[in-house]
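All remarks here apply to the structure that follows.
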Amino acid sequence: MKVKSYRLLGGFESLLLLAILRLDERAYGVTIRQELLDLADKDVAISAIYTGLDRLEQKGFVESQLGEPTAERGGRAKRFYRVTSTGLSAFNDTQRAIQSLLDGLNLIQKETYA
Amino acid sequence: MPESAQPPKGAHWLLGLFRSEPNFPQIEGDLSEEFHQHLLTSGPHIARRWYWREVLRNLWVFTKRPRSIQVFVVGALCVVIFRFAPPLSMSLMRNKLSLIPRGLLLVLFQVAFGLALGGLMSLIVKGREPLLRLTFASFSMVWLAHTLGYWSQHSTMTESFTLSLRNLFWPGQLFSRFFCAVIVFWIGSLWMEWRRRQPAAV
Numbered sequence: 805m806k807v808k809s810y811r812l813l814g815g816f817e818s819l820l821l822l823a824i825l826r827l828d829e830r831a832y833g834v835t836i837r838q839e840l841l842d843l844a845d846k847d848v849a850i851s852a853i854y855t856g857l858d859r860l861e862q863k864g865f866v867e868s869q870l871g872e873p874t875a876e877r878g879g880r881a882k883r884f885y886r887v888t889s890t891g892l893s894a895f896n897d898t899q900r901a902i903q904s905l906l907d908g909l910n911l912i913q914k915e916t917y918a
Numbered sequence: 074m075p076e077s078a079q080p081p082k083g084a085h086w087l088l089g090l091f092r093s094e095p096n097f098p099q100i101e102g103d104l105s106e107e108f109h110q111h112l113l114t115s116g117p118h119i120a121r122r123w124y125w126r127e128v129l130r131n132l133w134v135f136t137k138r139p140r141s142i143q144v145f146v147v148g149a150l151c152v153v154i155f156r157f158a159p160p161l162s163m164s165l166m167r168n169k170l171s172l173i174p175r176g177l178l179l180v181l182f183q184v185a186f187g188l189a190l191g192g193l194m195s196l197i198v199k200g201r202e203p204l205l206r207l208t209f210a211s212f213s214m215v216w217l218a219h220t221l222g223y224w225s226q227h228s229t230m231t232e233s234f235t236l237s238l239r240n241l242f243w244p245g246q247l248f249s250r251f252f253c254a255v256i257v258f259w260i261g262s263l264w265m266e267w268r269r270r271q272p273a274a275v
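Chains A and B, in that order, are what the protein sequence lines are. Here this note's numbering is used: the first residue of the first sequence is 805, the next is one more, and so on. Here this note's numbering is used: the first residue of the second sequence is 74, the next is one more, and so on.
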C-alpha cells in the first residue's frame, strides 16, 4: 500500500505524538518531557520539545490550547496539546511504512554478524 | 520568599535574552514549575543546580535556531562595519571637512556610525535587541584581543621600549575606543528598542 510521504513522521516527532496520546488531557511541556524521560529514557531540553511541537502543529498533527496561569509557573500559562485525527493517520502511516521496510529483513541475524 | 526558593537570578537573566523566541512564556513557566518540583523533592542547592543546567541546555538549543544565528551574524557584521566604515567615510569626505581636526572628525564619524548602526540593526532584529547588544560587545572584545595580540607580536624591541607617547597611550586609546564603540552602539540600540515599545499614537 502506497503511503503519502508528507505524512511520515521523524523519530522524535513520533515520540512526541505518542507521549501526547499517553498523557491524554494532561499533555503540556513538563509532562511530555517527564514522559519521554521516564519511558523512552530520553532527556530532552524543554525548548527542543516545543520546537518539535510547533512543527507538528504547523503540519496539523497536533493542536494546542492555553490553560490558566499559576503562581508556581511565575504567572505563565500552560499550553496543552492534543493529537488530531490527521496526526493519528500520519503516525499510522509511518508505522506501516516502517513495517513494510522491515518485512523480509532478518535483523536479529544481522546483530549476530556485528 | 527567600532567594533560594526562587530560580537563580543569573540563569533567569540569561534565559531572558531569548524572550522573543516562540513559546518563551511556556518554556519559562515549565522551567519554573520543574524548579519548584525539584525544590520540594531535592532541596534548594540541587534545584538551583538543575535550573542552571537546564537554562544552559536551552540556551544551546536557542542559539542553533536560524533566528539567533541571524542576530549573531548581524552583530559580527556591525563590528566589521564599525571598524572600517568611519575611517573610510572620513577619508572620502576629509577635503570638505578640512577645518575640523582629524581626531575630532574620527570621533564624530564613529559616534554617528555607532548610533545609526545600533538603531538600524535593532530595527532589523526586532525583539532580540538584548542579544544583539551582547553579541556586538562580545565580538568587539574579540576584535580588541586580536588587535592587542597582533600589536604585541609585531612591534619591534625599539617600539616596545621607547618612551614615545604613542606607545604608552596606544593601548589606552584602543581600550577607550572599544568602550566608546560599545556604548554608542548600545545607546542607538536602546533608543530604537524604546521607540519600538512606545504605544502607537491614536
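Where is the CB? At the ideal position from N, CA and C, for every residue including glycine.
For a cutoff of 8 Å on Cβ pairs, would you count residue i as touching chain A?
{"i": "S105 (chain B)", "result": "yes"}
{"i": "P159 (chain B)", "result": "no"}
{"i": "R130 (chain B)", "result": "yes"}
Please determine, among the options, the residue with the shortest C-alpha to C-alpha distance to residue i.
{"i": "P98 (chain B)", "options": "A:T874, A:L892, A:L906, A:S904", "result": "A:T874"}
{"i": "E829 (chain A)", "options": "A:D897, A:T888, A:A894, A:D907", "result": "A:T888"}
{"i": "A258 (chain B)", "options": "B:H111, B:G200, B:S249, B:S195", "result": "Note that residue 258 (chain B) is Phe in the sequence shown here, rather than Ala. Here the closest residue by C-alpha is B:S195."}
{"i": "F884 (chain A)", "options": "B:S171, B:G102, B:H118", "result": "B:G102"}
{"i": "S893 (chain A)", "options": "A:G833, A:L906, A:D845, A:K863", "result": "A:K863"}
{"i": "E817 (chain A)", "options": "A:D907, A:Q869, A:Q899, A:K882", "result": "A:Q899"}
{"i": "G191 (chain B)", "options": "B:F155, B:H219, B:L221", "result": "B:F155"}
{"i": "R22 (chain B)", "options": "B:W86, B:R175, B:S141", "result": "Because chain B is modelled from 74 through 275, residue 22 (chain B) falls outside the range shown and cannot be assessed."}
{"i": "Y854 (chain A)", "options": "B:G116, B:E107, B:R175, B:N131", "result": "B:N131"}
{"i": "V848 (chain A)", "options": "B:R126, B:T114, B:R121, B:G116", "result": "B:R126"}
{"i": "R122 (chain B)", "options": "B:R92, B:T136, B:E94, B:Q79", "result": "B:Q79"}
{"i": "V144 (chain B)", "options": "B:G187, B:R270, B:R206", "result": "B:R206"}
{"i": "A189 (chain B)", "options": "B:S262, B:V215, B:S105, B:W267", "result": "B:S262"}
{"i": "S921 (chain A)", "options": "A:G856, A:L905, A:R877", "result": "Summary: the structure shown does not reach residue 921 (chain A), with chain A confined to residues 805 through 918, and so no result is reported for it."}
{"i": "E106 (chain B)", "options": "A:N896, A:A881, A:L909, A:R811", "result": "A:A881"}
{"i": "S93 (chain B)", "options": "B:M265, B:V215, B:E266, B:K199", "result": "B:K199"}
{"i": "P160 (chain B)", "options": "B:L178, B:A149, B:P81, B:H85", "result": "B:L178"}
{"i": "I260 (chain B)", "options": "B:L129, B:F209, B:H111, B:Q110", "result": "B:F209"}
{"i": "C151 (chain B)", "options": "B:L87, B:K82, B:F212", "result": "B:F212"}
{"i": "L813 (chain A)", "options": "A:N896, A:S851, A:A831", "result": "A:N896"}
{"i": "Y187 (chain B)", "options": "B:H85, B:A218, B:A158, B:P81", "result": "Note that residue 187 (chain B) corresponds to Gly in the displayed sequence, not to Tyr. When each option's Cα is compared against that of G187 (chain B), the closest is B:A158."}
{"i": "L129 (chain B)", "options": "A:S851, A:R859, A:R826", "result": "A:S851"}
So that I know if they touch, is there some Cβ in chain B lying closer than 8 Å to that of residue i?
{"i": "I824 (chain A)", "result": "no"}
{"i": "L854 (chain A)", "result": "A small fix is needed here, since residue 854 (chain A) is Tyr in this sequence, not Leu. Closer than 8 Å to some Cβ of chain B, the Cβ of Y854 (chain A) qualifies, so yes."}
{"i": "S851 (chain A)", "result": "yes"}
{"i": "D842 (chain A)", "result": "no"}
What does residue i touch in chain B if you count any residue whose Cβ is under 7 Å from its own?
{"i": "V834 (chain A)", "result": "D103, E106, E107"}
Say yes only if the C-beta of residue i is nearer than 7 Å to one or more non-hydrogen atoms of the ligand ADP, and no if none qualify.
{"i": "L204 (chain B)", "result": "In terms of ligand content, the structure shown is empty, and the ligand ADP therefore cannot be addressed."}
Mind pulling the chain B residues with CB within less than 9 Å of residue i?
{"i": "K882 (chain A)", "result": "Q99, G102, D103, E106"}
With 8 Å set as the bound, which would you pick, yes or no: does the beta-carbon of residue i sit closer than that to a beta-carbon of chain C?
{"i": "G878 (chain A)", "result": "The structure shown contains no chain C; its protein chains are A and B."}
Which bits of chain A does residue i rub up against, with CB to CB less than 7 Å?
{"i": "F47 (chain B)", "result": "The question about residue 47 (chain B) has no answer here: the residues shown for chain B are numbered 74 through 275."}
I want to verify the contact list: residues of chain A whose CB lies under 9 Å from the CB of residue i, in sequence order.
{"i": "P117 (chain B)", "result": "Here the premise fails: no neighbours, minimum Cβ distance about 16 Å."}
{"i": "E127 (chain B)", "result": "A849, I850"}
Find the residues of chain B that neighbour residue i, judging by a C-beta separation of less than 8 Å, and give them in chain order.
{"i": "D858 (chain A)", "result": "P95, N96"}
By DSSP's criteria, residue i is part of a beta bridge. Which residues make up the other side?
{"i": "P873 (chain A)", "result": "A:A881"}
{"i": "V785 (chain A)", "result": "What is shown of chain A runs 805 to 918, which leaves residue 785 (chain A) out entirely."}
Let me know the alpha helix (DSSP H) ranges lying completely inside the stretch 106-169 of chain B, each 4 residues or longer, listed in chain order.
117-136, 139-166
Can you give, in chain order, each stretch of the alpha helix (DSSP H) that sits fully within the stretch 816-849 of chain A and has at least 4 residues?
833-844
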